[in-house]
Amino acid sequence: WVPSSSSNQTEIQGALYPRWYRPINPYVNYKTQVIAANDLLYISTARGLYAIYTGDRAGTTAGDLAWVYPTELPLGNSPTVLGSTLYVPGHDKRMHAVAANPDPSTLPIDTATGYRINNQVLWSFEAEAGFETNPLVVDGTVYAGNRDGYLYALDATNGTLRWRFQTGGTILQSAAYQDNTVYFVSNDMHAYALNATNGVQVWRSAKLGGGGFYSY
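For the sequence shown, our numbering gives the first residue as 5, with consecutive numbering after it.
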């Protein structure tokens, strides 16, 4: 199902009230979407990834903090969840792969905050600039554009570089996939289609109008 518009003219009836809320100290970018999986809400912040219980898991309370994956610099976008792995893009130039649903009782506790710390890092890959796109994960490959102008294709299991494709501008929008083809736009004002297996260009659009692509 694809919505025809991001707005809805139907008025919501009845009294609305919050069922619960959870204060988060680090800044949460207004473009960041909350990701729900494994009875958890994953929230990217300026100081790492927060995992909060939805309350659907036995023995948990909605809004309680399960764990934090701390980072020194802000996260660039929402993570992508596939199976037991979270793929987390960061402004620290890294794509992080961490355990999506570790047993909290096995995680260390930060003595300063009292938070449990997700230290189950599977791998990380460092690019030349920050990742600001939500990773696309298809058939064992992580596709992610970067502020350095490259679209990266990484092995989803170990983070090794499969290929990268250079454009003439920053890439701030997430990619799409269909029939072994990856589609994305760059702030060089071109749209691209690449062979998903080897990164060879299938086509590049004529230069598009405007001064850049931005998402809100």
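Note that beta-carbon positions come from the ideal geometry of N, C-alpha and C, so glycine has one too.
Could you tell me which residues DSSP pairs with Tyr-145 in its beta bridges? Before going on, a small fix: residue 145 reads as Thr here, not Tyr. Val-142, Asp-159, per the DSSP bridge assignment.
May I have the straight-line CA-CA distance separating Ala-116 from Gln-170, to the nearest angstrom? 42 Å
Short of 6 Å in beta carbon distance, which residues of its chain neighbour Arg-61, apart from the five on each side in sequence? Order them along the chain. Asp-43
How many angstroms separate the CA atom of Asp-143 from the CA atom of Gly-163? 14 Å
What ranges does the beta strand (DSSP E) occupy inside the region 47 to 73, keeping only unbroken runs of at least 3 residues that lie completely in it? 52 to 57
Buried or exposed, going by whether 16 or more other CB atoms sit within 10 Å of the CB of Trp-207? exposed
Might you give, ordered along the chain, the residues of its own chain that have their beta carbon closer than 6 Å to the beta carbon of Trp-127, omitting 5 neighbours on each side? Ala-101, Asn-162, Gly-163
Is it true that the region 92 to 100 meets the region 146 to 160, where meeting means three or more beta-carbon pairs spaced less than 8 Å apart? yes
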